[in-house]
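Enquirer:
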Amino acid sequence: MGGGIALLDYNNDGLLDVFLVNGGLVNSEHPGAQAKESFDRANPRYWNRLFRQNQDGSFTDVTKAAGLASAGDANYGMGVAAADYDNDGFTDLYVTSYGRNILYHNNGNGTFTDVTAKAGVAAGGWSVSAGFFDFDNDGKLDLLVTRYLEWDLMHSKSCGLSPKIYCSPSEFPAVSSVLYRNRGDGTFEDVSAASGIAAKKGKALGVAFADYDDDGFADIFVANDGMEQFLFHNNGNGTFTERALEAGVAFTDDGKRISGMGVDFRDYDNDGRPDIVVTDLARQSYAVYHNEGHGAFSYRSLQTGIAALSGVSSGWGMRLEDFDNDGWKDLFVAQGHVMDNVEQIDAGLHYLEPPLLAMNRGGRFERTESGWPEPAAGRGAAFGDLNNDGWTDIVMTVLGGKPLVFRNRGGAAHWLTLALRGTRSNRDGFGARVKVNGQSQYATSAGSYLSASDKRVHFGLRAATSASVEIIWPSGVVQKMDDVPADRFLTVVEPERPR
Amino acid sequence: MSALWFVVLLAWQTASNEALDRLKAGGDALKQSKAAEAVAEFRKATEAAPELPAAFVGLGQALMQSGDYRGAVAPLQRALELNPDLPGARQLLGFALLAAGYANEAIPHLEKVRALDALGVAQLKTGKLTEAIANLQAALAQRPGDVDLMYYLGRASGLLSRQTFEQLRTTGPESARAHQILGETYAVLHNTAGAEQEYKEALRLRPATPGLHLELGELYAAESQWEKAEKEFRAEANLQPGDAEAAFRLGNALLQQGKVPDARRELERASGLAPGMADVLYALGKAASLDGDPAAAEKAWLAVLDIEKDGPLAGQAHFGLAGVYRQRGNAAKADAEMKEFQRLQKAGR
């Protein structure tokens, strides 16, 4: 099911680096028997990997030098979240696993330190996607960790006689996600129960954040596998209420469950409200939930053309991002069926699939060449401008294979990319609502599947050579800038007082 | 049992006391399903009265009860030799022969006694499919809920269909229909490329064949190739403007592509051609809802619920109605519909 990927600039040299999560060796011949769980991560083959980008665009494996060589022997790597949780100016990493999760503090000198025990964020169980966000707007990034199922090797089972298949998630009990509140002293408090997050047990795989009802507080969407989806509304008092059914995002418009895997929470039709797109299994369709305002969404997979593009595809990591800088967010999806023998069961489906790249033409999506026509078992996907040319690139992980880097060939359209620096708000500016020339973005590195993307906020400007920028920081500070020249990276520091 | 006792009564006055005692004991044992005991008693009866047909009928029936159909054949045949007009004996012999695998030999006996159910089965086993279908249909008309009869009728029809198709392929291997059959076979085997090729060849040979575009369209629809599916369904709808299924499929293909007003038009046409079809009405409601006409959606979905109370479409209709009522701000009605939806969902519908 893994693995995750993060695009982050860990050494603040202005270039995105790549962190890849590896699985591990399952040391059990007979799952389901009296198997003792053990995952060999000492062998370099199973290390997570950090690749530092060099000035010439090549990458160097700095895993060992960075102190990330071994993830221990009691976990199987899944995903990654990336953010500067302690506001020290350096991006940290949180690696999820089946087993013990790890928080790596970035020491600012090219190395990381495992601070999990001190921080109190090991979680346990089967963690999948995670993300940093500031749910209480106190200027400190909190952490949400989704978990998939109640499962362990001893209670594993296989389904189907011939051919054997993975069991449906319905065969295993659901489990709640974990919310950690950042105390600001390097430690976190588990507020899952107090916040109401633990009250809903799911089968989560993906998570994304946005303020869907524009009340100034970050809400959470959790993509669940084979059951209703969750939309946790942030009540603004440290608690959440799950409202997916009322909001119209729990099921499809036919009332059917989907096998939610990846998710993004962004405004695809430039109406200023964040929408939701969820990737799922073949024979379903990727779900598009359009934000109608007033806390309600409508299912728009058919009208957007996404249903027609995804009926026989299984999607994982994904993002709504303006790849051609025309002012409309396009869609990229890492694809491939979950079962490597799916062709034996349904000849119309495929384990290996090419990724989907669909361009947004005024709110309707049309397939285009992704640049990689070969089918692959795509899983995680992270998005960012690797070569700082103003055009968003993609790195996709491949199950059992080498990751794929999609360099954006670029074009003539203009763009603007903002690096936010919070002062009253969290330093990364996560949760800021950024509006540029009628488009909107929600600042976050979360979303996709198991992955963390470039935290800079990117806009395509089409023919415009300048932009009007409005940033509503999580602190409530509103910052406006007019006539910002296009085609540049702009660091925006949150003012101490509203301007 | 009644047939046997009729025979026994006929024989009553001519047989010896011992034979009659054995007959009675055998009959009692049969009643109590003591097959082995019945066999022994009837066998002794045949020995005591070798010319008594009832003793042989009883022995045959007892052997059948014990599962020895082959063994039952000889005594039943002997009974008929002694009295060819014994109706119960002939029926039993027909059953015994059929059960022992001698279907061909069973047929004349079953024909004579007009045992249509067993006769149909015997004819099915001997490849006389047309006759089998006629007799099984007649038998099913007398016993409408008989699942065994339904099974045999379905099997006979399937075999006849296959046989006819084989004949068609032999007679006209390059005919449009032969390619259509091959297309259907490939489609069942999920060989999309093969099926597509055969359907296209069939269409090339006979472009106006009803049903061909529909089948090709369904092939594309299964692969989510909606544009291609739309083209084929449209061709079928043009060819057969009165065909509700073609209109429905076309409407659905349009809907899948988000071509909502066109989809709605076709689905309305389908609904007009075949009123009262729950799946058409559900899709029509969905198209109306997407087209921004909640009143029409409500009407269509309520009509679905008039037809289907508990099925999957009912659940979907309740879910859709909840959305309509929520949109209108009628929380109470929305909640009621959602509860129904959840109830059906829990029930696995």
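In order, the protein sequence lines correspond to chains A and B.
Going by my numbering, the letters in the first sequence line up with residues 1071 to 1569, in that order.
Going by my numbering, the letters in the second sequence line up with residues 72 to 420, in that order.
Every residue, glycine too, gets a C-beta built ideally from N, C-alpha and C.
Should the segment 1490-1505 of chain A be regarded as contacting the segment 1316-1328 of chain A, the criterion being three or more beta carbon pairs within less than 8 Å?
Expert: No: fewer than three Cβ pairs fall under 8 Å.
Enquirer: Any beta carbon from chain A within less than 8 Å of A150/B's own beta carbon?
Expert: Output row for A150/B: interface = no.
Enquirer: Could you give the residue range of the alpha helix (DSSP H) that holds M409/B?
Expert: First-last of the alpha helix (DSSP H) with M409/B: 402-417.
Enquirer: If the criterion is Cβ atoms closer than 8 Å, does the pair A227/B and A203/B meet it?
Expert: Yes.
Enquirer: Answer yes or no: do G1385/A and G1471/A have a C-beta to C-beta separation smaller than 8 Å?
Expert: Against a cut-off of 8 Å, the Cβ pair of G1471/A and G1385/A comes out as no contact.
Enquirer: Quick one, which residues of the segment 240-263 of chain B are near chain A if we go by CB-CB under 9 Å, in chain order?
Expert: Listed in sequence order: L260, H261, N262, T263.
Enquirer: Rounded to the nearest angstrom, what separates R214/B and R233/B at their Cα positions?
Expert: Distance between the alpha carbons of R214/B and R233/B is about 27 Å.
Enquirer: If you drop the 5 nearest sequence neighbours on each side, which residues of the same chain put their C-beta closer than 6 Å to that of N1411/A?
Expert: Only P1233 meet the Cβ criterion.
Enquirer: Enumerate, from N- to C-terminal direction, the unbroken beta strand (DSSP E) stretches of 3 or more residues contained entirely within the segment 167-224 of chain B.
Expert: Counting whole runs of 3 or more residues, the segment 167-224 of chain B contains no beta strand (DSSP E) stretch at all.
Enquirer: Quick check on DSSP: helix, strand or coil for E1444/A?
Expert: E1444/A: coil per DSSP, three-state reduction.
Enquirer: Please work out which residues of its chain come closer than 6 Å, Cβ to Cβ, to F77/B, disregarding the five sequence neighbours upstream and downstream, and give them in chain order.
Expert: The predicted position of F77/B is uncertain, since its pLDDT is 49 and thus under 50; a value taken from the coordinates is nonetheless stated next. There are no such residues.
Enquirer: For F1321/A, would you say it is in contact with chain B, using Cβ-to-Cβ distances shorter than 8 Å as the test?
Expert: Taking Cβ atoms only, chain B reaches closer than 8 Å to F1321/A, which makes this a yes.
Enquirer: Against chain A, which members of the segment 361-373 of chain B pass a CB distance test of less than 8 Å?
Expert: Those residues of the segment 361-373 of chain B that come within reach of chain A (Cβ to Cβ, closer than 8 Å) are L361.
Enquirer: Do S1226/A and V1215/A have their beta-carbon atoms positioned less than 8 Å apart in this structure?
Expert: For V1215/A and S1226/A, no; Cβs fall outside 8 Å.
Enquirer: Report the residues of the segment 1298-1315 of chain A with a CB closer than 8 Å to any CB of chain B, ordered along the chain.
Expert: The residues in question are L1315.
Enquirer: Give me the subset of the segment 173-198 of chain B whose CB atoms are less than 7 Å from a CB atom of chain A, sorted by chain position.
Expert: For the segment 173-198 of chain B, which is checked against every Cβ of chain A, not one residue is closer than 7 Å.
Enquirer: Under a CB-based cut-off of 8 Å, is N1373/A close to chain B?
Expert: The sequence shown places Gln at residue 1373/A, not Asn. It does; some Cβ of chain B falls within 8 Å.
Enquirer: Could you tell me whether any Cβ in chain B is nearer than 8 Å to the Cβ of V1382/A?
Expert: Yes, because at least one Cβ of chain B sits closer than 8 Å to the Cβ of V1382/A.
Enquirer: Provide the residue(s) that pair with G1463/A in DSSP beta bridges, ordered along the chain.
Expert: According to the sequence provided, residue 1463/A is Asp. The question's Gly does not apply to it. Paired residues: G1454/A.
Enquirer: Contact criterion: CB-CB distance below 8 Å. Does A1264/A meet it with respect to chain B?
Expert: No, A1264/A lies away from the interface with chain B (no Cβ there is under 8 Å from its Cβ).
Enquirer: Note down, in chain order, each residue of its chain lying with its Cβ closer than 6 Å to the Cβ of N175/B, except the 5 sequence neighbours on either side.
Expert: Excluding residues within five positions, the ones whose Cβ falls inside 6 Å are T197.
Enquirer: Just curious, the beta strand (DSSP E) that M1551/A is in, first and last residue?
Expert: Taken as a continuous stretch (DSSP letters only), the beta strand (DSSP E) holding M1551/A covers 1548-1555.
Enquirer: To the nearest angstrom, how far is it from the Cα of P1114/A to the Cα of Y1218/A?
Expert: Looking at the two C-alpha atoms, the distance is approximately 27 Å.
Enquirer: On the three-state DSSP scale, how would you describe Y1250/A?
Expert: Strand.
Enquirer: Which class does M1388/A belong to by DSSP, given the choice of helix, strand or coil?
Expert: Strand.
Enquirer: Taking CB distances under 8 Å as the criterion, tell me whether F304/B reaches chain A.
Expert: It does not: the Cβ of F304/B has no partner Cβ on chain A nearer than 8 Å.
Enquirer: Check the Cβ of E294/B against every Cβ in chain A and list those closer than 7 Å, keeping chain order.
Expert: Within 7 Å Cβ-Cβ: V1382, G1418.
Enquirer: Beta-carbon within less than 7 Å of L130/B's beta-carbon, same chain only, minus the 5 sequence neighbours each way: which residues are those?
Expert: Excluding sequence neighbours, L130/B sits near V110, F113, R114, T117, P146.
Enquirer: Is the beta carbon of F1279/A sitting closer than 8 Å to the one on T1462/A?
Expert: Going by C-beta atoms, F1279/A is not nearer than 8 Å to T1462/A.
Enquirer: Give the interface partners of V331/B over in chain A, defined as CB-CB distance under 8 Å, in chain order.
Expert: Near V331/B (Cβ distances below 8 Å), the residues of chain A are L1372, Q1373.
Enquirer: So, with DSSP's three-state summary, where would you put Q84/B?
Expert: Bear in mind that the predicted position of Q84/B carries a pLDDT of just 48, short of 50, making it too unreliable to give a figure here.
Enquirer: Any C-beta of chain C within less than 7 Å: which residues of the segment 1377-1402 of chain A qualify?
Expert: As a matter of chain content, chain C is missing from the structure shown, whose protein chains are A and B.
Enquirer: Here's the rule: buried if 16 or more other CB atoms are within 10 angstroms of the residue's CB, otherwise exposed. What is S1545/A?
Expert: Buried, since its Cβ has 16 or more Cβ neighbours within 10 Å.
Enquirer: R248/B and L285/B: beta carbons closer than 8 Å?
Expert: No, these two residues do not count as a Cβ contact at 8 Å.
Enquirer: May I ask which residues mark the beginning and end of the alpha helix (DSSP H) holding H389/B?
Expert: Element bounds for H389/B: 383-398.
Enquirer: Short of 6 Å in beta carbon distance, which residues of its chain neighbour L1372/A, apart from the five on each side in sequence? Order them along the chain.
Expert: Once the five neighbours on either side are set aside, L1372/A has no close Cβ partner at all.
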